[in-house]
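Going by the working numbering, the first residue of the sequence shown is number 209, and it counts up by one from there.
The structure appears right after this line, and notes come after that.
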Amino acid sequence: MCAHDAAHAGASWEAVIETQGIDPPTASSWVHAEAYVEDDPVIVQARLRSNEVGVTPIGRGGGSALRLLTAAIDARAVVEIGTGTGVSGLYMLRSMRTDGVLTTVDIESEHQRLAREAFGEAGISTNRTRLIPGAALEVLPRLTDGAYDLVFCDADKSEYVEYLREALRLLRPGGLVVFDNALWHNRVADPAQRDPDTVAIREVGEAIRDDTQLTSTLLPVGDGLLVAYKNR
């Protein structure tokens, strides 16, 4: 029985640890992992802008993992759902191919203005970004099938299942779909939490885990990073 199944079968945390032969990370270990790769000044400034406009960007650990995943598949075409102030976009742009293009969607035009400012501060050419304002589920159907290497989702949690459907259409075989906030402030693992966002995140996790065309993992970095590879 995997940790996910044990937890949902009502097994104790101690029983899961025993079957896996591991110890849970302490708070200090979690902080150590989150701080392992430092943010550069441009990302630090983008994070400050996020705080000013009330946006929560991907954390340092999650951002580092996202950058690694982007580099590992030599991504050239990426879709980002939820531009924010450009924090996650910076992580990906810096590890994409030099001719790569980030297509990023956000319903808030002010957020995209701040992201554009961050990209400029990082010295990223304007022809490497395509910022599209609008609701994700209205914009995504206009994008080309099978044309993208990676789809990163960090927008309306209640729409995560719909984002997965669109991502699978957009991705080439061998591409990745990545969801931030897959643990959702420790709510996903708590069966008593039944708010719409938590339920939607659980549902997308189950859909990915049970889809035979995907190979997936849930990384316990930041607030959780759910990663799925579209099998060739």
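C-beta atoms are modelled at their ideal positions from N, C-alpha and C, and glycine is treated no differently.
All values derive from a computational prediction rather than experimental measurement.
- Counting the other CB atoms within 10 Å of its CB gives Asp282 a total below 16, which places it among the exposed residues.
- Annotation for Arg324: Leu339 place their beta carbon closer than 7 Å to its own, counting only its chain and skipping 5 residues before and after.
- When the five nearest sequence neighbours on each side are left out, the beta carbons in the same chain lying within less than 6 Å of the beta carbon of Gly430 are those of Gly267, Gly269 and Gly270, in order along the chain.
- Leu391 sits in coil when the DSSP states are folded into three classes, being neither helix nor strand.
- Residue range Ala285 to Ile289 is occupied by the beta strand (DSSP E) that includes Ala285.
- In the three-state reduction of the DSSP assignment, Pro381 falls in the strand class.
- The secondary-structure analysis by DSSP pairs Leu351 with nothing; it has no beta-bridge partner.
- Ala408 and Lys365 do touch by the CB rule: their CB atoms are close to 6 Å apart, below 8 Å.
- Between the beta-carbon of Gly308 and that of Arg275 there is about 13 Å, and that puts the pair past the 8 Å contact cut.
- In this structure the segment 375-395 does not touch the segment 231-241; the number of beta carbon pairs closer than 8 Å is below three.
- A straight-line Cα-Cα distance of about 8 Å links Thr334 and Gly328.
- Following the DSSP letters along the chain, one finds Val309 inside the beta strand (DSSP E) bounded by residues Val309 to Asp314.
- Burial check for Pro349: the Cβ neighbour count within 10 Å stays below 16, so the residue is exposed.
- A Cβ-Cβ contact shorter than 8 Å links Tyr356 with Gly383.
- Here Asp403 is not near Gly290, since their CB atoms are 8 Å or more apart.
- Taking every protein chain shown into account, the CB of Tyr299 has 16 or more other CB atoms within 10 angstroms, so this residue is buried.
- If you look at Ser424, you'll find it in the beta strand (DSSP E) that goes Leu422 to Leu427.
- In the structure shown, Thr406 adopts helical secondary structure according to DSSP, grouped into three states.
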